[in-house]
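Protein chains: 2
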Amino acid sequence: MSLSKNIAEPSQTRVDMVMGAVRRQIAGQHSQPGARLTSIRAMAERLGVSKSTVVEAYDRLVAEGAITSRPGAGFFASGHLPPLSLAPVDPSAHRDVDPVWMTRRALNHDASLMKPGCGWLPASWMPGDDIARALRRLAREGDGHLVDYASPHGLAPLRQLLARRLADRGIEAPPQHIMITESGTQAVDLLCRFLLKPGDTVLLDDPCYFNFHALMRAHRVNVVSVPYTPNGPDLTQLEHVLGAHRVRLYITNSALHNPTGATLSPVVAHRVLKLAEAHDVLIIEDDIFADFEQEPAPRLAAFDGLDRVIHVGSFSKTLSAAVRCGFIAARSDWIEELVDLKLATSFGGGAFSSDLVFRLLTDGAYRRHMSSVRTRLADAMGKVIRQLHTIGIEPVLEPKGGMFLWCKLPGGLDAAQVARNAFARSVVLAPGQAFSLREEACTFLRFNVAQTLDPTILPAVERAMLQAHPE
Amino acid sequence: MSLSKNIAEPSQTRVDMVMGAVRRQIAGQHSQPGARLTSIRAMAERLGVSKSTVVEAYDRLVAEGAITSRPGAGFFASGHLPPLSLAPVDPSAHRDVDPVWMTRRALNHDASLMKPGCGWLPASWMPGDDIARALRRLAREGDGHLVDYASPHGLAPLRQLLARRLADRGIEAPPQHIMITESGTQAVDLLCRFLLKPGDTVLLDDPCYFNFHALMRAHRVNVVSVPYTPNGPDLTQLEHVLGAHRVRLYITNSALHNPTGATLSPVVAHRVLKLAEAHDVLIIEDDIFADFEQEPAPRLAAFDGLDRVIHVGSFSKTLSAAVRCGFIAARSDWIEELVDLKLATSFGGGAFSSDLVFRLLTDGAYRRHMSSVRTRLADAMGKVIRQLHTIGIEPVLEPKGGMFLWCKLPGGLDAAQVARNAFARSVVLAPGQAFSLREEACTFLRFNVAQTLDPTILPAVERAMLQAHPE
Chain V
759 MSLSKNIAEP SQTRVDMVMG AVRRQIAGQH SQPGARLTSI RAMAERLGVS
809 KSTVVEAYDR LVAEGAITSR PGAGFFASGH LPPLSLAPVD PSAHRDVDPV
859 WMTRRALNHD ASLMKPGCGW LPASWMPGDD IARALRRLAR EGDGHLVDYA
909 SPHGLAPLRQ LLARRLADRG IEAPPQHIMI TESGTQAVDL LCRFLLKPGD
959 TVLLDDPCYF NFHALMRAHR VNVVSVPYTP NGPDLTQLEH VLGAHRVRLY
1009 ITNSALHNPT GATLSPVVAH RVLKLAEAHD VLIIEDDIFA DFEQEPAPRL
1059 AAFDGLDRVI HVGSFSKTLS AAVRCGFIAA RSDWIEELVD LKLATSFGGG
1109 AFSSDLVFRL LTDGAYRRHM SSVRTRLADA MGKVIRQLHT IGIEPVLEPK
1159 GGMFLWCKLP GGLDAAQVAR NAFARSVVLA PGQAFSLREE ACTFLRFNVA
1209 QTLDPTILPA VERAMLQAHP E
Chain B
759 MSLSKNIAEP SQTRVDMVMG AVRRQIAGQH SQPGARLTSI RAMAERLGVS
809 KSTVVEAYDR LVAEGAITSR PGAGFFASGH LPPLSLAPVD PSAHRDVDPV
859 WMTRRALNHD ASLMKPGCGW LPASWMPGDD IARALRRLAR EGDGHLVDYA
909 SPHGLAPLRQ LLARRLADRG IEAPPQHIMI TESGTQAVDL LCRFLLKPGD
959 TVLLDDPCYF NFHALMRAHR VNVVSVPYTP NGPDLTQLEH VLGAHRVRLY
1009 ITNSALHNPT GATLSPVVAH RVLKLAEAHD VLIIEDDIFA DFEQEPAPRL
1059 AAFDGLDRVI HVGSFSKTLS AAVRCGFIAA RSDWIEELVD LKLATSFGGG
1109 AFSSDLVFRL LTDGAYRRHM SSVRTRLADA MGKVIRQLHT IGIEPVLEPK
1159 GGMFLWCKLP GGLDAAQVAR NAFARSVVLA PGQAFSLREE ACTFLRFNVA
1209 QTLDPTILPA VERAMLQAHP E
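Protein chains in written order, with the working numbering: chain V, 759 to 1229; chain B, 759 to 1229.
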């Protein structure tokens, strides 16, 4: 009596104890999914607690989704974890602006949106006429390529062409070391599936391409990061991180680093590879901005010879994001395993886009297009740097090429707040919170100079900044 | 002395002991990846064994890839598991013919190959002219769709059209319950990433589409299976398997099951859903052959109302495998999570293929094309059944439509051996070993009737069978 009396109001600890007992019952395979749980009365007797304690525990477990209640029938083990979610780890007001927030807005097709924060060129800068011409030729000659699956490794002539283009950058990758993918993102994702298992530790640059953070969550791996300097990763920090963590993989850009626009120096490249060897770390070199370079920077894959470095490229930024085509250059024994993994998970994609890309690369249109893009970007870069200066926004460095400026906001403004305010004015910005997990990054924005030329954009950004000022 | 003497020839157990000690040293985080291991001399002293024992243990560990040897420098922990491989679990002569073998050969672009074993229609049966016409229109009008990324959920008008088409099959899935993917395979793969974690148990039909087995290996999950009958899964077996295993997910086809061509009956559909509910099992209904049906069969998604059933479709089999486009219909809260997962892992694909598919579905070409395909397939089905009969091959059932015949070989012939012999004659067959892990399946072949009309194919198959007869 006295016992039941002094636990009349269920205490936190007793409820927790009951919840723990039920969780163990479920986890310990003692109950099949859908199996009925011990009744409230029996559980109360078994654990010597009041029924109200058990009721509160069961109610909380139902709310958690660990068990389900069927009116009149009792409580049942749902027996499964909830599905994978990429929702923000820390959904505080400060962190709701994250890689998912960024991607959803950048890909929003609302024509009224302006996107100085997105990661690609305006449609008007892309070779639409060349693509249309290639489409008409494909319509005439394409036959099989209009309806067939791609071959396992991908279009052979395209792989031969890519081998020659990589050789021009000092990367020795004969066609049997190259696999075609549906995009650069799919290439990195396949490599993560190939090289990682849940719980592994991956090293990212800080800041880095925001989607890498979402991709790592999708692979259930731990992320550590190293600050990125104007010459590449901070070597002291890199050595420290590799010493402190069991890092399996490092994902980075060598040339025109996203978002900083920095470029790896030969010396840093050499040291990074030495450290990677000493700590048995593999490296994915994501090089999708290669053709935006004015003069070629060193590539880790060239220094390393595709031993522990895997090289990834794509044409989404240079030709078309609508016609998906990327590639992986790696050890040939790994390429064979990657082909099997690609076939198992996507059946290898279609023959169409690689045929289209091959035609565009070989008819001279691509070279002309990219040389004019590089010139236009250099102009836009100068213009936008000057205009940003007038509203107090300064890039941390002036990149040698490409479309990105990594900029610090004045007066310690919170980039997420500025981005929220700007989005209310139909302007999609790229706040530092999406690119980095560190506090410092929260006052940075990434600008795409090709998408920032519209004269109404920076005034809107300025108003968004004023709005974000603490009163 | 005597000790070191009587272990002069290293004994199995001592070598194993040393290997175990080194493995523990590595696994126990005591040594960072790349860290030097205890020297041979020191290890021999520590464990009181001869140096030759330690040398043999280290050599074996090097062969395993657990440690690496650097000449002159000693031995080092490699510290990582080897990458994921889809290579056959049991690479015996009998099992070398597996899903990977099947896929590699079916996708081989060597024009001299005949492919009665492949899973798609001949290019000549596909609507090449309609696609070419749609391409020319896209070249004229496509503008943004030639260069843009797709929107997060995928082309809105296509999702509206799919909602109407699903409603015709009794599946209530408004556009916000639909996400466009790059293919049916990518759709199932995304759902597995969303719903499964390594070590989960997945239920497959036996036999089932061979690539599901490869896909499950890629997800590191356990597979259990239930025999497929002419009316759907064997209910007694299903109840037994769900009782014996903690099954998370069941992947199946409802109409024109691959490879048997069987079709789910309404009663079996009801019972399957009841059992799934009782055991809290989710279901992926892969319905990519829907438009090959002569009259509509019941769909699990229609009975269930997208509660625990997720519906998947694609146009790779009906329009073009070169222009990739599939979709997922599911609970709208899950669609939102799946959109994030798709963006993280593929950045959502391109706007091009869904635009092309939408144009083909709406200009009437698709309806005309599919009605003529259904007629041609019905003809081919009759012809091929008669021709197979003349060489002693009999289908287990005559499907109501589609392209597949699941056939038993005469005299207990081994399908893998017949397939190897036929491949030497440039004929790609689909042996039971790729579709099932059970012994019985090893005497079955799947025939694609549309790909079996060439008069030289069955004579070649007959010779491959004769060759496979035990002397």
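Glycine is no exception: its CB is placed at the ideal position from the N, C-alpha and C atoms.
Remember, it's a predicted structure, so these values are computed and weren't measured experimentally.
List the endpoints of the continuous alpha helix (DSSP H) containing residue i.
| i | result |
| --- | --- |
| V/Ile1215 | Ile1215 to Ala1226 |
| V/Gly1140 | Ala1123 to Thr1148 |
| B/Glu1043 | Unbroken run through B/Glu1043 is the beta strand (DSSP E), Leu1040 to Asp1044; no alpha helix (DSSP H). |
| V/Ala925 | Ala914 to Asp926 |
| B/Thr861 | Pro857 to Ala864 |
Would a check of beta-carbon distances place residue i closer than 8 Å to chain V?
| i | result |
| --- | --- |
| B/Ala976 | yes |
| B/Thr796 | no |
| B/Thr1076 | no |
| B/Asp1049 | no |
| B/Glu997 | no |
| B/Phe833 | no |
| B/Glu940 | yes |
| B/Asp1098 | yes |
Along the chain, where does the beta strand (DSSP E) containing residue i start, and where does it finish?
| i | result |
| --- | --- |
| V/Phe1205 | Phe1202 to Asn1206 |
| V/Arg828 | Ile825 to Arg828 |
| V/Ser1072 | Val1067 to Ser1072 |
| V/Cys1165 | Phe1162 to Lys1166 |
| V/Arg1006 | Val1005 to Thr1010 |
| V/Asp963 | Thr959 to Asp964 |
| V/Phe1085 | Gly1084 to Ala1087 |
With a cut-off of 8 Å, does the C-beta of residue i fall near any C-beta of chain B?
| i | result |
| --- | --- |
| V/Gly1150 | no |
| V/Pro841 | yes |
| V/Val847 | Any reading at V/Val847 needs caution, since the residue's pLDDT is 48, under 50, leaving its predicted position unreliable; the model's value is listed next. For V/Val847, the answer is no, since every Cβ of chain B falls outside 8 Å of its Cβ. |
| V/Gly1071 | no |
| V/Ile1093 | no |
| V/Tyr907 | yes |
| V/Leu761 | In this predicted model, V/Leu761 has a pLDDT of only 34, less than 50, meaning its place in the structure is not dependable; the value taken from the coordinates is given anyway. No, its Cβ sits nowhere closer than 8 Å to a Cβ of chain B. |
| V/Ala945 | no |
In the structure shown, what three-state DSSP assignment does residue i receive?
| i | result |
| --- | --- |
| B/Arg1178 | helix |
| B/Ile1151 | coil |
| V/Tyr1248 | Because chain V in this structure spans residues 759 to 1229, residue 1248 of chain V falls outside the shown range and cannot be described. |
| B/Arg978 | coil |
| B/Met884 | coil |
| B/Asp1212 | coil |
| V/Val1185 | strand |
| V/Pro932 | coil |
| B/Val999 | helix |
| V/Pro841 | coil |
In its own chain, which residues sit with a C-beta less than 7 Å from the C-beta of residue i, not counting the 5 before and 5 after it?
| i | result |
| --- | --- |
| B/Gln1145 | Leu1216 |
| B/Pro880 | Ala1208 and Gln1209 |
| V/Pro988 | Ala1020 and Leu1155 |
Residues in the same chain with beta-carbon distance under 8 Å from residue i, minus the five sequence neighbours each way, listed in chain order, please.
| i | result |
| --- | --- |
| V/Thr741 | Past the edges of chain V, shown from 759 to 1229, lies residue 741 of chain V, and the structure says nothing about it. |
| V/Arg898 | none |
| B/Phe1116 | Leu913, Pro915, Leu916 and Leu919 |
| V/Phe952 | Trp1092, Glu1095, Leu1096 and Leu1099 |
| V/Pro991 | Asp963, Val984, Pro985, Thr1010, Val1026 and Val1030 |
| V/Leu1101 | Pro910 |
| B/Val1237 | With chain B running from 759 to 1229 in the structure shown, residue 1237 of chain B is simply not present. |
Only counting the same chain, and skipping five residues up and downstream in sequence, which positions put a Cβ closer than 6 Å to that of residue i?
| i | result |
| --- | --- |
| B/Ser827 | Val820 and Phe833 |
| B/Glu1043 | Ser1012, Leu1058, Ala1059, Val1067 and His1069 |
| V/Leu1031 | Phe1061 and Asp1062 |
| V/Arg975 | Leu844 |
Q. If you pair each beta-carbon of the segment 1187–1197 of chain V with each one of the segment 1118–1129 of chain V, do three or more pairs fall below 8 Å?
A. no
Q: Say whether the segment 931–941 of chain B touches the segment 982–1000 of chain B, bearing in mind that this needs 3 or more beta-carbon pairs closer than 8 Å, one atom from each stretch.
A: Below 8 Å, too few C-beta pairs join the segment 931–941 of chain B and the segment 982–1000 of chain B to call them touching: fewer than three.
Q. At a cut of 8 Å, does the segment 1174–1181 of chain V reach the segment 1211–1228 of chain V through at least three beta carbon pairs?
A. yes
Q. Can you find at least 3 beta carbon pairs, one from the segment 1068–1079 of chain B and one from the segment 940–952 of chain B, that sit closer than 8 Å?
A. Yes, they touch.
Q. Between the segment 903–913 of chain V and the segment 1106–1116 of chain V, do three or more beta carbon pairs fall short of 8 Å?
A. Flag = yes, the segment 903–913 of chain V and the segment 1106–1116 of chain V touch.
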